[in-house]
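*Asks:* Sequence lines, in order, name chains A and B.
To get the working numbering, take the position in the first sequence, counting from 1, and add 3.
To get the working numbering, take the position in the second sequence, counting from 1, and add 192.
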Amino acid sequence: MLAITHLRKSFGSLVAVDDVSFSLDAGCLVGLLGPNGAGKTTTVSMIAGLVTADRGDVLIAGHRLSGDTDPAKKRIGLVPQDLALYDELSARANLRFFGALYGLTGRALDDAIASALGLVELADRAGDAVKTFSGGMKRRLNLAAGLLHDPDILLLDEPTVGVDPQSRNAIFENLETLKGRGKALLYTTHYMEEVERLADRIVVMDHGRVIAEDTLGGLQSRFAPAGGDVATLETVFLALTGRSLRD
Amino acid sequence: MSLIPFAALVRKDLQLFFVDRRSVIVSFVVPIAIASFFGAVFASGGQNREPARIGIALIDQDDTPITRAIVAGAESDKNLKVERPTEAEARERVRAGKTAVAVVIPKGFGEASGQAFFGNAEKPTLTLLHDPSKTTELAMVRGVMTQHIMEAVSREMFSGDQGRQLVDKTLPQIESSSTMPADQKKLLVEMLGSVQKYYRERQPADGRDARTRGGITMPYTVNEEAMTAGSNITYNGYAHSFGGMAIQFLLFAMANLGIEMLLERQRGLWNRLRSAPVSKLTLLSSKAVSGAVISLLILFVSFAFAMVVFKVRIEGSLAGFFGISVACALMAATFGLLVAALGNSPATARGVTTLAVLMMVMLGGAWVPTFIFPAWLQQFTLIVPVRWAVDGLDAMTWRGIGLGGAVMPVVVLMVFAAVFWTIAAARFRWEEA
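1) Look up B/GLN239 in the DSSP assignment and say whether it is helix, strand or coil.
2) Which residues, taken in chain order from the stretch 468-501 of chain B, show a beta carbon closer than 7 Å to some beta carbon of chain A?
3) Return the first residue and the last residue of the alpha helix (DSSP H) that B/ALA199 is part of.
4) At 8 Å on the CB atoms, spell out the chain A contacts of B/GLY460, in chain order.
5) So which residues on chain A does B/LEU208 lean against when the C-beta distance must stay under 8 Å?
6) Out of B/SER487, B/GLY543, B/PRO469, point me to the one whose CA is closest to A/GLY80's CA.
7) What are the complete alpha helix (DSSP H) segments, minimum 4 residues, inside the stretch 50-114 of chain A?
8) Using only the alpha-carbon positions, how far apart do A/SER170 and A/LEU125 sit?
9) If the criterion is Cβ atoms closer than 7 Å, does the pair B/LEU442 and B/GLY528 meet it?
10) Just checking: is the beta-carbon of A/LEU157 within a distance shorter than 7 Å of some beta-carbon in chain B?
11) Put A/LYS186 into one of helix, strand or coil per three-state DSSP.
12) When the cut-off is 7 Å and only beta carbons count, does B/PRO177 lie next to chain A?
13) So B/ASN463 contacts chain A; which residues on that side make the cut at Cβ distance below 8 Å?
14) Which residues in chain A sit within 9 Å of B/SER215, going by Cβ to Cβ distance?
15) Which of the three DSSP states is assigned to A/LEU219 in this structure?
16) Using CA atoms only, rank isn't needed, just tell me which of B/ILE506, B/GLY385, B/PRO298, B/LYS273 is closest to B/LYS290.
17) Could you have a look at B/ILE506 and say whether DSSP puts it in helix, strand or coil?
18) Mind listing the chain A neighbours of B/VAL603? Cutoff is C-beta to C-beta under 8 Å, in chain order.
19) State the DSSP-derived secondary structure class of B/SER268, mapped to helix, strand or coil.
20) Does DSSP put B/LYS273 in a helix, in a strand, or in coil?
21) If A/ILE7 and A/PHE25 are in contact, beta carbons under 8 Å, what's the gap, nearest whole angstrom?
22) Give me the chain A residues within the contact set of B/ALA200, using Cβ-Cβ distance strictly less than 7 Å, ordered along the chain.
23) Pairing CB atoms from the stretch 334-343 of chain B with CB atoms from the stretch 262-273 of chain B, are three or more of them under 8 Å?
24) Considering just the uninterrupted stretch of the alpha helix (DSSP H) at A/ASP21, what are its terminal residues?
25) Could you say which of B/ALA313, B/VAL345, B/GLU343, B/ARG347 lies nearest to B/LEU363 if we only look at CA atoms?
26) Return the residues of the stretch 157-171 of chain A that lie within a Cβ-Cβ distance of less than 7 Å from chain B, sorted by chain order.
27) For the beta strand (DSSP E) holding A/ALA2, just list the boundary residues, first then last.
28) Nearest chain B C-beta to A/ASP71 closer than 7 Å, yes or no?
29) Is the CB of B/GLU329 under 7 Å away from at least one CB in chain C?
30) As a quick exercise: from B/PHE444, B/ALA292, B/PRO277, B/GLY429, pick the residue whose alpha carbon is nearest that of B/THR545.
31) Show which residues of chain B have a CB atom less than 8 Å away from the CB atom of A/THR108.
32) Just the chain B side, please: which residues come within less than 7 Å of A/ALA96 by C-beta, in chain order?
33) With contact counted as at least three CB pairs below 8 Å, one residue from each stretch, are the stretch 563-582 of chain B and the stretch 475-488 of chain B in contact?
34) Residues in its own chain within less than 6 Å of A/GLN84 by CB, not counting five upstream and five downstream?
35) In three-state terms, what does DSSP make of A/LEU178?
36) By the three-class DSSP mapping on this structure, what secondary structure does A/MET208 have?
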């Protein structure tokens, strides 16, 4: 569904992403891990068409993205790390706006809004201004806004930052439902337990490069401690990226 | 450009504007309130209104027929509002700023002015106590009092009892003068002799009011005709004040729109918008259109209020008025984009933009008409877009100028809009630094 090959992006002398390649299949969730400044968000931005790669390709079902208005962008849904919502507007007004950006109108838009709100369990608060929502509700609405146009690929950039365990669990259930519907999900996070629960494959980045890519079990077996114990993902992550502090 | 996303972007901006009650009040109610105030201040002269009278204090320490005539003349003057305090009270009132000018007619003024009228005596001194902040009123009072004093003294000298006595007294003095040149003495003696003869042969009381008797009067009358393009159009100061204030507050609204764009970028909203299949041109132009719609609403609501309440009329071209309004709205909307393009952060942009808007509206004549500016400043302000908007709206409203008068303001405002748009499109950063 999604294939990125030899992506490279630099900002001045800083190489943010260097020769990154991986793929994402339908019905799979790939966890993209890395310390701060590893190049995760730049990679997601290039996939979403926000940043133009210096080199390499982003292929959506074999189609290379070209330009801001490429219709293939409708196959991608972005759930950004920031709560990209209009606080003064109601949840429904927010979704109506974001849906219209993808060309949805009339009945199709109404149905999409109802479906998205139902999935994130906010249907009863549809008419309320977003500013009255809790942090967890805003996160769920943020997710709903990325789903409205029924994308094949969902890019989730740290979608659970700052939410309570209940809301986080609700989001996990939403994502598992979406995976079950055949969506391809790319999930960046700092929380190892989230990836352990959700990811089919894990890509670890550091200093702009992919330093490991495998299933959870594959990574654990590579870094299994002596004595037959199972390595935690955090142990694997620290073994791969080191213990020095990052900016 | 796809219309569905474009319409959604415009609708969203309008929703955000109208859901913010503070923005609505600031954009619609405040300009109407301030324009009403400025209109009331500058509206004098129009619509058969009484002109504002200059308050003066008049102290007559002489109390002779001449000075009483001066006082009567001043009291009947439509430009003056005369009070009669004591000199001490008058000084205090002027010092406190309650009275612009106090005129002190000293003891002996009547007789001395009569004698000086023919140039043979020392001139008496008229004291004008004035508020130093009101030099314009001082100049007006000086002129008005000159008229009344000349009328009163000449009338009395040629036809009044005090004048008769003065002529009787002055004539021997001139005849006995050793300092006056002989030819001048001869002429004055002949003239005053004729006046004396006129007094004697004339009936002492001919039934005419003192004011209608002879003397020097203004040798002309004034016909004041307001020059506008239409006929019977009176100046309505509210037309100017409402145009100016509407422009000021729509610029503030558009500057706020630009700052909102910076906030949207800061909150990551632009990333979500740009992940949709929508071009940057669509995103920016939708902002320009929503900004222009809001600006037009502010202009039209302000003028609608002025039309209903203050009887402001579009005496010129209606098409020209709409043309200037649209051009002004586009200029303001692209100014908002410029704010977003040049502002580093919402906080810094807000301060700089407030200053920029205030400078533009001040220099553009939105507060007070530019004709009171020095000549060099009037020329300089032609580079300020607000000047063209204000002059254009003035032309289409109270000046009553036709469609031709709207062409130049529309062209200039559209050029400003194009320049602002070009800079904004080139400089706007889509990513937070």
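From the three backbone atoms N, C-alpha and C, an ideal C-beta is built for every residue, glycine too.
*Replies:* Reading from the atomic positions:
1) As a position in the second sequence, residue 239 of chain B is number 47, starting the count at 1. The predicted model places B/GLN239 with a pLDDT of 49, which falls under 50 and marks its position as unreliable, so this point remains unresolved.
2) Result list: ALA468, PRO469, VAL470, SER471, LYS472.
3) The residue you call residue 199 of chain B lines up with position 7 of the second sequence. Taken as a continuous stretch (DSSP letters only), the alpha helix (DSSP H) holding B/ALA199 covers 195-211.
4) The residue you call residue 460 of chain B lines up with position 268 of the second sequence. Residues of chain A passing the Cβ test: PRO83, GLN84, ASP85, LEU86, ALA87.
5) As a position in the second sequence, residue 208 of chain B is number 16, starting the count at 1. The contacting residues are TYR89, GLU91, LEU92.
6) Indexing the first sequence from 1 puts residue 80 of chain A at position 77. A/GLY80 has its Cα closest to that of B/PRO469, out of B/SER487, B/GLY543, B/PRO469.
7) Taking 4 residues as the shortest admissible run, the stretch 50-114 of chain A contains the following complete alpha helix (DSSP H) segments, listed from N- to C-terminal end: 94-104.
8) Residue 170 of chain A sits at position 167 when you count from the first residue of the first sequence. Residue 125 of chain A sits at position 122 when you count from the first residue of the first sequence. Taking the straight line joining both Cα atoms gives about 12 Å.
9) Translated into positions along the second sequence, residue 442 of chain B becomes position 250. Translated into positions along the second sequence, residue 528 of chain B becomes position 336. No. Outside cutoff.
10) Counting from one through the first sequence, the residue named residue 157 of chain A turns up at place 154. With 7 Å as the cut-off, A/LEU157 does not count as an interface residue toward chain B.
11) One-based indexing of the first sequence puts residue 186 of chain A at position 183. Judged by DSSP in its simplified three-state form, A/LYS186 adopts coil rather than helix or strand.
12) The requested residue 177 of chain B is not part of the displayed model; chain B covers only 193 to 625.
13) If you number the second sequence from 1, residue 463 of chain B lands on position 271. One finds SER48, ALA51, LEU53, LEU81, PRO83, ASP85, ALA87 in chain A with Cβ atoms closer than 8 Å to the Cβ of B/ASN463, taken in chain order.
14) As a first step, residue 215 of chain B is located in the second sequence; it is residue number 23 there, counting from the start. When 9 Å is used as the limit between beta carbons, B/SER215 is near no residue of chain A, the shortest such separation being about 10 Å.
15) For the purposes of this step, residue 219 of chain A is taken as residue 216 along the first sequence, with counting starting at 1. Of the three classes helix, strand and coil, the one that applies to A/LEU219 here is helix, per DSSP.
16) Residue numbering aside, residue 290 of chain B sits at position 98 when the second sequence is read from its first letter. Comparing Cα-Cα distances from B/LYS290 to each of B/ILE506, B/GLY385, B/PRO298, B/LYS273, the minimum goes to B/LYS273.
17) Here residue 506 of chain B refers to the residue found at position 314 of the second sequence. Note: B/ILE506 maps to coil in three-state DSSP.
18) Taking the second sequence and counting its residues from 1, the one referred to as residue 603 of chain B is at position 411. Listed by position along chain A, the residues whose Cβ is nearer than 8 Å to that of B/VAL603 form an empty set, because the closest Cβ is around 33 Å away.
19) Here the question's residue 268 of chain B lines up with position 76 in the second sequence. Coil, per DSSP.
20) Numbered from its first residue, the second sequence carries residue 273 of chain B at position 81. DSSP places B/LYS273 in strand when its eight states are reduced to three.
21) Here the question's residue 7 of chain A lines up with position 4 in the first sequence. Here the question's residue 25 of chain A lines up with position 22 in the first sequence. Rounded, the Cβ-Cβ distance is 6 Å, consistent with contact.
22) Here residue 200 of chain B is taken as the residue at index 8 of the second sequence, counted from 1. Here the neighbours are PHE100, ALA103, LEU104.
23) Between the stretch 334-343 of chain B and the stretch 262-273 of chain B, the count of C-beta pairs closer than 8 Å reaches three or more; the two stretches touch.
24) Here residue 21 of chain A refers to the residue found at position 18 of the first sequence. Note, A/ASP21: premise wrong, no alpha helix (DSSP H); beta strand (DSSP E) at 17-27.
25) Here residue 363 of chain B is taken as the residue at index 171 of the second sequence, counted from 1. That would be B/ALA313, whose Cα lies nearest to the Cα of B/LEU363.
26) Of all residues in the stretch 157-171 of chain A, none has a Cβ within less than 7 Å of some Cβ in chain B.
27) Because chain A in this structure spans residues 4 to 250, residue 2 of chain A falls outside the shown range and cannot be described.
28) Stepping through the first sequence from its first residue, residue 71 of chain A is reached at position 68. It does: the Cβ of A/ASP71 has a partner Cβ on chain B nearer than 7 Å.
29) Included in the structure are the protein chains A and B, with no chain C among them.
30) Taking the first residue of the second sequence as 1, we reach residue 545 of chain B at position 353. Checking every option, the nearest Cα to that of B/THR545 belongs to B/PHE444.
31) On the first sequence, residue 108 of chain A is found 105 positions in, with the first residue counted as 1. Under the 8 Å cutoff, chain B gives ILE196.
32) By one-based count along the first sequence, residue 96 of chain A stands at place 93. Contact note: A/ALA96 reaches chain B through GLN207, using a C-beta cutoff of 7 Å and chain order.
33) As far as the Cβ criterion goes, the stretch 563-582 of chain B does not touch the stretch 475-488 of chain B, which means the pair count is below three.
34) Start at 1 with the first residue of the first sequence, and residue 84 of chain A comes out as number 81. Contacts found: ASP160, GLU161.
35) The residue you call residue 178 of chain A lines up with position 175 of the first sequence. A/LEU178 falls in the helix class under three-state DSSP.
36) Locating residue 208 of chain A in the first sequence gives position 205, counting from the first residue. A/MET208: strand per DSSP, three-state reduction.
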